[in-house]
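If you're matching positions, the sequence shown starts at 749 in my numbering and goes up one per residue. Shown next, in structure tokens, is the structure this report addresses.
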Amino acid sequence: MVSRTPDRRNTVTAPEIAERYGRAVTTVQKIWMPRPEWPEPVGRRGRWNEYDADQVDAAVRAHFLREQPADEGGPDDLLTAAQIAEYLGVSPSTVRADISRGRLDLGEPDDTAGAKRWRRRKVDAAVEGRRAYRRRS
């Protein structure tokens, strides 16, 4: 006989999902969960719906996380704004806007011959504390 009670060890709630993937609970609840790709709840824990952890992981990886490029190159590589955007998995216009508005503090460019370029280590240091730009391992 198959048990209809979910295995509590393999279920997660919205706050646990948010913590696991480094997102706000409201992002998980209002952006991810309403989508048709999101798995159905398998139970409840207090006020929270429970979801199968493996199904959630599959949905998040397939539909909600940007694929990060492999770490190629070293910390001394010079990157343009477009290359920084590709490295971080965001739009080039986001990087340019954040640099000009001071939200992405890369300091002075390390090379200004042609396009402005910054060392990869500066990019890594600048985004380390930023939630939206944090690199996934």
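Every residue, glycine too, gets a C-beta built ideally from N, C-alpha and C. The model shown is predicted, which means the values in this text are computed figures rather than measured ones.
Lys778 counts as exposed, since fewer than 16 other C-beta atoms from the protein chains shown sit within 10 angstroms of its C-beta. Contact fails between the segment 823 to 842 and the segment 781 to 792, because fewer than three Cβ pairs, one in each stretch, are under 8 Å apart. Taken in chain order, the complete alpha helix (DSSP H) segments of 4 or more residues contained in the segment 813 to 848 are 829 to 836 and 840 to 848. The segment 756 to 822 is shown to contain whole beta strand (DSSP E) runs of 3 or more residues at 791 to 793 and 796 to 800, in chain order. For Lys870, the enclosing alpha helix (DSSP H) stretches over residues Arg868 to Val875. With contacts defined as CB atoms closer than 9 Å, Arg865 and Asp858 qualify as a contacting pair. Counting other Cβ atoms within 10 Å of its Cβ, Ala810 stays below 16 and is therefore classed as exposed.
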